[in-house]
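Read the structure below first, then the notes.
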DNA sequence: CATTTACGTTGACAATTGTAAACCATAGTT
DNA sequence: AACTATGGTTTACAATTGTCAACGTAAATG
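Residue numbers (the UniProt record's numbering), protein chains in the order written: chain A, 1 to 150; chain B, 1 to 150.
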């Protein structure tokens, strides 16, 4: 693996962040207590995670006496958008619609959010293309170099 | 790390799968050629990835003479749904709506997909709750054990 | 003041992932 | 038959991640 690939946050780190985001900052003790209500992680483990999050600059610390108060340096929404888009960027464009459809159908949303989605979709419909092309292969080349599906 | 955590596919492996999914199976040579049109990966690297995907049972092989024909054991859509839902499962429920809104606004969808989304949303609106609760903390406990936000 | 407690820092270790070279057997060529 | 190209298998190695224990120091308590 090449250095500095610096994946933003690992799943475990994410769990820790959720607590801190929700509490708008917390001491390590708080995080440890709350975390242990969800996961059977040792104190050490959680401390390590906190340390790594600070290294990765996802958390900043404010000294309160001898202990630290940990605060997020990024908003939860920004972080969420980032991971989600990072994931979607590597999915077949042609099938993204289907995946979203599934999300829409399986998750629960507030009336307000649904309303916004409806408005947005109405708008989008006006300029939506008839179909989306699959971008899993370097198409132009494919036809030349190899085979049939084009 | 504990053994058998067997993350389904790593990002690089995913790239390889996309090619194979789209071509509905391919020989290593094909995968290597196509892959190298997108990424500066050595032949070796791609072979390793193929090997790991077979280990992970994401690919099955059919012997064709001495070489293999690699085929996916899972559909691309199933795999996509899986990763996407896995990701969403760890996101704050309260904010999922916003994230989807962003996806809807930034990505391009076909008219057909949008139409389906609209229908689905109309249906969902009927039973949608006014608001969604944040599930980042073990709420019940939180109030007792710690603080204020409840 | 001596002791315990809290908490940040270091060190550890196995598994996963990115990346690739080396090796080996077989099929096609000369 | 000898040689080369093709393609699968092994080995390698650094960085990341999941998990912790041990350590050291400052704070709180008896």
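Just so it is clear, CB atoms sit at the ideal spot from N, CA and C, and this is done for glycine as well. All of these numbers come straight from a predicted model, not from anything done at the bench.
Going by the beta-carbon positions, is the gap between residue 120 (chain B) and residue 44 (chain A) smaller than 7 angstroms?
Residue numbering aside, residue 120 (chain B) sits at position 120 when the second chain is read from its first letter. Residue numbering aside, residue 44 (chain A) sits at position 44 when the first chain is read from its first letter. No, these two residues do not count as a Cβ contact at 7 angstroms.
Interface residues of chain B around residue 97 (chain A) at Cβ under 7 angstroms?
As a first step, residue 97 (chain A) must be located in the first chain, where it is residue number 97. Per Cβ cutoff of 7 angstroms: 109, 110, 113.
Between which two residues does the alpha helix (DSSP H) harbouring residue 11 (chain A) extend?
By 1-based counting over the first chain, the position of residue 11 (chain A) is 11. Residue 11 (chain A) -> alpha helix (DSSP H) spans 11-23.
Separation of residue 13 (chain B) from residue 57 (chain B), as counted between CA atoms
Working through the second chain from its first residue, we reach residue 57 (chain B) at position 57. Working through the second chain from its first residue, we reach residue 13 (chain B) at position 13. The straight-line gap from Cα to Cα measures roughly 12 angstroms.
Report the residue from B:126, B:93, B:28 whose alpha carbon sits nearest the alpha carbon of residue 63 (chain B).
Against the second chain, residue 63 (chain B) aligns to sequence position 63. Measuring from the Cα of residue 63 (chain B), the nearest candidate turns out to be B:28.
The beta strand (DSSP E) with residue 59 (chain A) in it runs from where to where?
Start at 1 with the first residue of the first chain, and residue 59 (chain A) comes out as number 59. It spans 59-64 - the beta strand (DSSP E) in which residue 59 (chain A) sits, taken as one unbroken run.
Under a Cβ-count criterion, where at least 16 other Cβ atoms within 10 Å of its own Cβ denotes burial, should residue 65 (chain A) be classed as buried or exposed?
Taking the first residue of the first chain as position 1, residue 65 (chain A) is located at position 65. With fewer than 16 neighbouring CB atoms inside 10 Å of its own CB, residue 65 (chain A) falls in the exposed class.
In the DSSP assignment, the alpha helix (DSSP H) including residue 88 (chain B) goes from what residue to what residue?
Sequence index remark: in the second chain, residue 88 (chain B) carries index 88 (1-based). From DSSP, the alpha helix (DSSP H) with residue 88 (chain B) extends over 76-89.
Contact between the segment 76-88 of chain B and the segment 78-87 of chain A (3+ Cβ pairs under 8 angstroms)
yes
Name the DSSP beta bridge partners of residue 36 (chain B), please?
Within the second chain, the letter at position 36 stands for residue 36 (chain B). Its beta-bridge partners do not exist; DSSP assigns none.
Euclidean distance between Cα positions of residue 137 (chain A) and residue 1 (chain A)
Within the first chain, numbered from 1, the residue matching residue 137 (chain A) stands at position 137. Within the first chain, numbered from 1, the residue matching residue 1 (chain A) stands at position 1. Between residue 137 (chain A) and residue 1 (chain A), the C-alpha separation is close to 25 angstroms.
Does residue 82 (chain B) get closer than 7 angstroms to chain A when you measure Cβ to Cβ?
Walking along the second chain from the start, residue 82 (chain B) turns up at place 82. Judged by the 7 angstroms Cβ criterion, residue 82 (chain B) is not in contact with chain A.
Considering only residues of the segment 91-116 of chain B, which uninterrupted alpha helix (DSSP H) runs meet the minimum length of 4 residues and lie entirely inside it, listed in chain order?
93-106
Do residue 96 (chain B) and residue 107 (chain A) have their C-beta atoms within less than 7 angstroms of each other?
Residue 96 (chain B) sits at position 96 when you count from the first residue of the second chain. Residue 107 (chain A) sits at position 107 when you count from the first residue of the first chain. Yes, these two residues count as a Cβ contact at 7 angstroms.
With 7 angstroms as the C-beta to C-beta threshold (strictly closer), list the residues of the segment 42-66 of chain B near chain A in chain order.
none
Less than 8 angstroms between C-beta atoms, sequence neighbours within five positions excluded: which residues of the same chain meet that for residue 152 (chain B)?
Here chain B comprises residues numbered 1 to 150, so residue 152 (chain B) is not present and cannot be evaluated.
My guess is that residue 59 (chain A) and residue 48 (chain A) are in contact by the Cβ rule of under 8 angstroms, so how many angstroms apart are they, rounded?
Taking the first residue of the first chain as position 1, residue 59 (chain A) is located at position 59. Taking the first residue of the first chain as position 1, residue 48 (chain A) is located at position 48. With 8 angstroms as the limit, residue 59 (chain A) and residue 48 (chain A) do not qualify as a contact, their Cβ atoms being about 13 angstroms apart.
Please name the residues in the segment 11-30 of chain A whose beta-carbon is closer than 8 angstroms to at least one beta-carbon of chain B, in chain order.
Shown in chain order are the members of the segment 11-30 of chain A whose Cβ falls below 8 angstroms from a Cβ of chain B: 11, 14, 15, 18, 19, 21, 22, 23, 30.
I believe residue 70 (chain A) touches residue 20 (chain A) by the beta-carbon criterion, under 8 angstroms. Please report the beta-carbon distance rounded to the nearest angstrom.
Taking the first residue of the first chain as position 1, residue 70 (chain A) is located at position 70. Taking the first residue of the first chain as position 1, residue 20 (chain A) is located at position 20. Indeed, because the Cβ distance is near 6 angstroms, the residues count as touching under 8 angstroms.
Going by other Cβ atoms of all chains shown within 10 Å of its Cβ, with 16 needed for buried, is residue 123 (chain B) buried or exposed?
Translated into positions along the second chain, residue 123 (chain B) becomes position 123. Burial call: exposed.
Beta-ladder partner(s) of residue 128 (chain A), from DSSP:
Mapped onto the first chain, residue 128 (chain A) falls at position 128. Within the DSSP secondary-structure output, residue 128 (chain A) pairs in no beta bridge.
Is the separation between the beta-carbon of residue 151 (chain B) and that of residue 131 (chain A) shorter than 7 angstroms?
The structure shown does not extend to residue 151 (chain B), since chain B spans only 1 to 150, so no value can be given for it.
Unbroken alpha helix (DSSP H) run spanning residue 47 (chain A), endpoints
The count along the first chain starts at 1 and reaches residue 47 (chain A) at position 47. If you look at residue 47 (chain A), you'll find it in the alpha helix (DSSP H) that goes 43-55.
Roughly how many angstroms lie between the CA atoms of residue 99 (chain B) and residue 78 (chain A), to the nearest whole one?
The residue labelled residue 99 (chain B) in the question sits at position 99 within the second chain. The residue labelled residue 78 (chain A) in the question sits at position 78 within the first chain. One C-alpha to the other measures close to 9 angstroms.
Determine, for residue 132 (chain A), whether the minimum Cβ-Cβ distance to residues of chain B falls below 7 angstroms.
Locating residue 132 (chain A) in the first chain gives position 132, counting from the first residue. Yes, residue 132 (chain A) counts as interfacial toward chain B.
Measuring CB to CB, does residue 68 (chain A) end up less than 7 angstroms from residue 75 (chain A)?
Along the first chain, read from residue 1 onward, the residue named residue 68 (chain A) stands at position 68. Along the first chain, read from residue 1 onward, the residue named residue 75 (chain A) stands at position 75. In this structure, residue 75 (chain A) does not lie closer than 7 angstroms to residue 68 (chain A) by Cβ.
Can you tell which of A:10, A:134, A:22 has its C-alpha closest to the C-alpha of residue 94 (chain B)?
Within the second chain, residue 94 (chain B) is the residue found at index 94, counting from 1. Of the listed residues, the one whose Cα sits closest to residue 94 (chain B) is A:22.
I want to see whether chain A comes within less than 7 angstroms of residue 38 (chain B), judged by CB atoms only; does it?
Within the second chain, the letter at position 38 stands for residue 38 (chain B). Chain A contact via Cβ: present.
Candidates A:103, A:9, A:116, A:126: closest to residue 112 (chain B) by CA position:
Within the second chain, numbered from 1, the residue matching residue 112 (chain B) stands at position 112. Residue A:126 is the option with its Cα nearest to residue 112 (chain B).
Listed by chain order, chain B residues near residue 118 (chain A) by CB distance under 8 angstroms:
For the purposes of this step, residue 118 (chain A) is taken as the residue at position 118 of the first chain. Neighbours of residue 118 (chain A) on chain B, chain order: 118, 121, 122, 125.
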